[in-house]
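As structure tokens, the structure follows; a few thoughts come after it.
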């Protein structure tokens, strides 16, 4: 009978106060999520990125609830962007630094290298990095090609390809043949 009375009381509160909502048995106010958004924004500005999974552990709310309540606050209380694919919040500055880091790392490569290694070594977020490399190659800002698996392709620098072609041409002109293996 107590549970029934509590459920009736909660239902009555929810019907009379639109700032309250029920999340997994917890009665939560809109102000709670506003305050949480302020704290998240402070952390986000310090770190550059914030996975909702990490936040979920910290505040004991599911990722789905956090994304439902926080995404509408992006551009307002939260200054940043949201990657739905990885459930991660990013600052604009963090997102803007990724292409520069990638361009530098890929331009310095002298032999084929897996993008995953570049992402790992330079702390680049893979979900942002894959498309960025493709766009830079397509626009000509980065010389090279991507080959292999879509989740961890190999970047083959333009310098490497040119050196391979130069070696093959040189060998052919000096020896008059080229072995095809």
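Numbering (our numbering), first residue to last: 37 to 217.
Cβ coordinates follow ideal geometry from the N, Cα and C atoms, glycine included.
Ends of the beta strand (DSSP E) at residue i?
i: residue 123; result: Where residue 123 is concerned, there is no enclosing beta strand (DSSP E), given that its DSSP letter is neither H nor E.
i: residue 117; result: 117–119
i: residue 65; result: 62–65
State the Cα-Cα distance for the pair residue i and residue j, rounded to the nearest angstrom.
i: residue 76; j: residue 114; result: 7 Å
i: residue 37; j: residue 124; result: Confidence is the limiting factor: at residue 37 the pLDDT is only 43, short of 50, which leaves the residue's position unreliable, though a coordinate-based value still follows. Rounded to whole angstroms, residue 37 to residue 124 spans 43 Å at the Cα level.
i: residue 122; j: residue 54; result: 30 Å
i: residue 204; j: residue 128; result: 45 Å
i: residue 182; j: residue 112; result: 38 Å
i: residue 184; j: residue 110; result: 36 Å
i: residue 194; j: residue 166; result: 18 Å
i: residue 80; j: residue 150; result: 29 Å
i: residue 52; j: residue 86; result: 35 Å
i: residue 206; j: residue 126; result: 49 Å
i: residue 196; j: residue 82; result: 39 Å
i: residue 116; j: residue 100; result: 18 Å
i: residue 170; j: residue 164; result: 11 Å
Could you check whether the Cβ of residue i sits closer than 8 Å to any Cβ belonging to chain D?
i: residue 211; result: The displayed structure is made up of one protein chain only, and chain D is not part of it.
From the DSSP output, read off the bridge partner residues of residue i.
i: residue 183; result: 190
i: residue 150; result: 190
i: residue 173; result: DSSP, once it has assigned bridges, lists no residue as partnering residue 173.
i: residue 57; result: 64
Which one of the options has the shortest CA to CA distance from residue i?
i: residue 62; options: 84, 79, 88, 98; result: 98
i: residue 88; options: 150, 106, 189, 57; result: 106
i: residue 136; options: 156, 153, 119, 177; result: 177
i: residue 187; options: 217, 78, 162; result: 162
Under DSSP, the alpha helix (DSSP H) around residue i begins and ends at which residues?
i: residue 107; result: That residue, residue 107, is in no alpha helix (DSSP H); it is neither H nor E in DSSP.
i: residue 91; result: 88–95
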